[in-house]
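Residue numbering for the sequence shown follows UniProt numbering, starting at 1 and increasing by one per position.
All C-beta atoms in this analysis are idealised placements derived from N, C-alpha and C, irrespective of residue type, glycine included.
All remarks here apply to the structure that follows.
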Amino acid sequence: MADTTTTAQPLTGSAEKPDLDLSGAQWQSSSQGVGDVEIAFVEGFIAMRHGRRPEGPALIFTPAEWRAFVLGAREGEFDLT
């Protein structure tokens, strides 16, 4: 059996992210009006949240992380079907 290691930190380094105040953020959703995912550009970071649960947590991305996420989504990296 292989030895497995669990870590709380990502294996690739990431920039330290500040605790952003999202209360005044200008949230945007898809032009298709689906409303499940909203994003906001705040202080050089990209925040993403569930549009139907705006009181919930938001994921915070650096521009490089966001670019990698969007490219992965476009290439079907997250297709779970």
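Residue i beta carbon near the ligand ZN (any heavy atom closer than 7 angstroms)
i	result
W27	This structure lacks the ligand ZN; in fact it carries no ligand of any kind.
Span separating the alpha-carbon of residue i from that of residue j
i	j	result
Q26	T81	32 angstroms
I39	A58	9 angstroms
Q32	E16	33 angstroms
V70	A64	10 angstroms
P54	S30	15 angstroms
R52	R74	23 angstroms
G72	M48	16 angstroms
Beta-carbon contacts of residue i that lie in its chain and below 8 angstroms, excluding the five residues immediately before and after
i	result
E43	P18 and L20
First through last residue of the alpha helix (DSSP H) which encompasses residue i
i	result
E65	P63 to R74
Residues near residue i in its chain [Cβ-Cβ closer than 6 angstroms; skip 5 each side]
i	result
F61	I46
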